[in-house]
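One structure is given here, and the rest of the page talks about it.
Now the structure itself:
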């Protein structure tokens with residue numbers, strides 16, 4: 001299972017590079033607003049290749065879904081650090097967290113070309129590190145980025 005933070009959630013880069021890289025057959029988009037918006041879900045489904053299952057889950061649903069579905073070949077997408085931390089604290093454990101894209105906005109520090117972190121983001125990521133999660137800062141699979149928190 002590959003867990004990724006990308007504020008764009010599902011987009012071409014995820015479908016064209018990460019999906020084959022992790023050999024996932026299932027995509028779990030864990031995002032409360034998107035889980036409640038069937039129109040946006042339908043639009044995103046149009047881009048998903050045949051043979052790939054996609055589910056749009058709220059933070060409350062993800063752990064129950066994973067227990068019932070037994071997904072081991074999934075690409076799990078979160079829009080932000082806080083949501084990944086909430087899911088982790090509720091029992092969705094993961095060993096590696098890929099931080100793929102977090103746009104710059106005022107109050108955030110640009111730590112590399114595709115990642116800007118707020119103080120809250122840094123605190124959240126440090127918390128996950130203390131819990132044993134390794135951070136993987138990559139926008140695409142073939143480019144490793146070193147970021148120090």
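Numbering (UniProt numbering), first residue to last: 1 to 149.
We put the CB at the ideal spot given by N, CA and C, even for glycine.
For residue 2: DSSP bridge partner residues: 75
Buried versus exposed, by CB contacts within 10 Å (16 or more), residue 67: exposed
Distance between residue 32 and residue 58 (C-alpha atoms, nearest Å): 4 Å
Selected residue, minimal CA-CA separation from residue 92, among 121, 140, 28: Its Cα nearest to that of residue 92, the residue 28 stands out among 121, 140, 28.
Cβ shell of residue 145 (< 7 Å), same chain only, five flanking positions each side left out: 112, 137, 138
Sub-8 Å separation of residue 98 and residue 3 beta-carbons: Yes.
Whole-angstrom distance between residue 26 and residue 44, CA atom to CA atom: 14 Å
In chain order, each beta strand (DSSP E) run of at least 3 residues that lies wholly inside the region 112-149: 115-117, 134-137
Exposed unless 16 or more other CB atoms sit within 10 angstroms - verdict on residue 6: Classification for residue 6: buried.
Identified DSSP bridge partners for residue 54: 27
Residue 15 to residue 127 span [Cα, whole Å]: 29 Å
Range of the contiguous beta strand (DSSP E) that encloses residue 98: 96-101
Local conformation of residue 155 per DSSP, three classes: Only positions 1 to 149 of the chain appear in this structure, which leaves residue 155 out of reach.
Beta carbon of residue 30 nearer than 8 Å to that of residue 76: Yes, the pair counts as a contact, with Cβ atoms nearer than the cut-off.
DSSP-derived helix/strand/coil call for residue 91: Coil.
Beta-carbon spacing of residue 65, residue 41 below 8 Å: Not closer than 8 Å, so no.
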